[in-house]
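Colleague: Before I ask anything, let me first share the structure, which is written out below as structure tokens.
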Amino acid sequence: MEKVLILGAAGQIGTELVNTLRATYGNDQVIAGDLLAANLSEPCIQIDATDEHALRELVTKEGVTVVYQLVAMLSATGEKLPEKAWALNMQALFAVLNLAKDQLIKQVFWPSSIAAFGPNTPTLDSPQMTVMDPTTVYGISKLSGELWCQYYHDKYGVDVRSIRYPGLISWGAEPGGGTTDYAIDIFRSAKKDNAYTCFLAEDTRLPMMHMDDAIRATLELMNAPKEQLSIWTSYNVSGVDFTPFELAEALRKHYPDLAMRYAPDFRQAIASTWPQRIDDSQARLDWGWQPAYDLSDLVQDMVEHV
Ligand code: SER
Numbered sequence: 064m065e066k067v068l069i070l071g072a073a074g075q076i077g078t079e080l081v082n083t084l085r086a087t088y089g090n091d092q093v094i095a096g097d098l099l100a101a102n103l104s105e106p107c108i109q110i111d112a113t114d115e116h117a118l119r120e121l122v123t124k125e126g127v128t129v130v131y132q133l134v135a136m137l138s139a140t141g142e143k144l145p146e147k148a149w150a151l152n153m154q155a156l157f158a159v160l161n162l163a164k165d166q167l168i169k170q171v172f173w174p175s176s177i178a179a180f181g182p183n184t185p186t187l188d189s190p191q192m193t194v195m196d197p198t199t200v201y202g203i204s205k206l207s208g209e210l211w212c213q214y215y216h217d218k219y220g221v222d223v224r225s226i227r228y229p230g231l232i233s234w235g236a237e238p239g240g241g242t243t244d245y246a247i248d249i250f251r252s253a254k255k256d257n258a259y260t261c262f263l264a265e266d267t268r269l270p271m272m273h274m275d276d277a278i279r280a281t282l283e284l285m286n287a288p289k290e291q292l293s294i295w296t297s298y299n300v301s302g303v304d305f306t307p308f309e310l311a312e313a314l315r316k317h318y319p320d321l322a323m324r325y326a327p328d329f330r331q332a333i334a335s336t337w338p339q340r341i342d343d344s345q346a347r348l349d350w351g352w353q354p355a356y357d358l359s360d361l362v363q364d365m366v367e368h369v
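369 is the number that the numbering used here gives the last residue of the sequence shown; the numbers go up by one with no jumps.
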């Protein structure tokens, strides 16, 4: 039986992953770890994910076998604190990779992002293997991290698996300072004010995914037989893609009078360098990836729960 540690458990992905893994493995088999542990349910621990020494003690004491390392500063916040973002994103990854290298744990999950792509990446159906020239600190840390994951796999036999998440849409926990956060904010504003001012231009198309699909993708990849995998950097996975205008139109089925304004800010320059849609045929081939939510399912679910 695996014993799982989730770092960044209070975040947008962590909140959902803790619940799903506890339903699968049993409550006691899943430790929720975060720097801000106040809202976590037991078993949980307050821990700094960059503190390799503390992590070593914890995984040894608790017999942890698998770590999901979800701690990161996202694209928009990272541009305000570039050095901090780089230090946090890389140290948190290395701490966990080193535990696996020393065979204290068996398996690692670490998320990459569409932010690892850049302005010279083909923007429609961006291939798995392509030009990657990220312009944000977050994107640079994700691309570098992907290569480090591959390095630890190739040199030390570390089983570290990764997905390039699109913008993730969920209602369980707040998003953490990303460029795709508008696609969550809009639901709260529609409900509260019947109006939304979007920080991206109306025609900015980006890859997105419902959180249920993202969690399922993560667990399907983690459970796939190792021999079936061919990518040890990070897998492209696709869900839906839409523009703010298209999302607003879909939302008007529920809020017919929704008033939209567009006031692009510094996040527009980030979004403009990211792909509009990514090609995930390698994930489909290697581990059978298939998204379940289309735009209307996603909107329906968000409207019901937000
Ligand atoms: N959602 C993230 C962001 O906008 C992308 O991985 O930063």
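Beta carbons are placed, not taken as given, at the ideal position from N, Cα and C, and that holds for glycine. Computed from a predicted model, the values in this text were never measured in an experiment.
1. Nearest by alpha-carbon distance to V159: which of S176, E142, V134 is it?
2. Between the Cα of G351 and those of A313, R279, V127, spot the shortest distance and give me the residue it belongs to.
3. Three or more C-beta pairs under 8 Å: does that hold for the stretch 114-126 against the stretch 174-194?
4. Going by DSSP, what residue range makes up the alpha helix (DSSP H) through V366?
5. Which residue's Cα is closest to the Cα of I333: L231, K218, D196, F308?
6. Below 7 Å, is the gap between the Cβ of T242 and the nearest heavy atom of ligand 2?
7. Indicate the three-state DSSP secondary structure (helix, strand or coil) for F180 in the structure shown.
8. With distances taken from CA atoms, which of L269, K169, R227 is nearest V303?
9. Taking Cβ positions, are Q154 and T113 nearer each other than 8 Å?
10. Verify the contact flag: G96, CB atom, against every heavy atom of ligand 1, threshold strictly below 7 Å.
11. Which partner residues of V303 appear in the DSSP bridge assignment?
12. Tell me the start and end of each unbroken beta strand (DSSP E) in the stretch 150-221 that is at least 3 residues and wholly inside, in chain order.
13. Is there contact between the stretch 274-292 and the stretch 354-365, where contact requires at least three CB pairs shorter than 8 Å?
14. Taking the alpha-carbon of V122 as reference, which of A95, K164, I168, Q132 has the nearest alpha-carbon?
15. Going by other Cβ atoms of all chains shown within 10 Å of its Cβ, with 16 needed for buried, is G241 buried or exposed?
16. So the beta strand (DSSP E) V67 belongs to, where does it begin and stop?
17. Identify every residue that forms a DSSP beta bridge with D231.
Modeller: With the structure as the only source:
1. Nearest C-alpha to V159 among S176, E142, V134: V134.
2. Checked all of A313, R279, V127; the closest Cα to G351 is R279.
3. With the rule of 3 Cβ pairs closer than 8 Å, the stretch 114-126 does not count as touching the stretch 174-194.
4. Per DSSP, V366 belongs to the alpha helix (DSSP H) from 358-368.
5. Nearest option by C-alpha distance: D196.
6. Absence of ligand 2 is noted for the structure shown, with ligand 1 being the only ligands found.
7. Here F180 sits in coil by DSSP.
8. In this structure, L269 is the residue among L269, K169, R227 with its C-alpha nearest to the C-alpha of V303.
9. Note that the C-beta distance between Q154 and T113 is below 8 Å.
10. Short note on G96: C-beta not closer than 7 Å to any heavy atom of ligand 1.
11. Answer by DSSP bridge pairing, in chain order: M271.
12. Counting whole runs of 3 or more residues, the stretch 150-221 contains the beta strand (DSSP E) stretches 170-172.
13. Taking one beta carbon from each stretch, the stretch 274-292 and the stretch 354-365 have 3 or more pairs nearer than 8 Å; the two touch.
14. Residue I168 is the option with its Cα nearest to V122.
15. Buried.
16. Segment 67-70, the beta strand (DSSP E) holding V67.
17. The displayed chain sequence assigns Leu, not Asp, to residue 231. DSSP links L231 through a beta bridge to M272.
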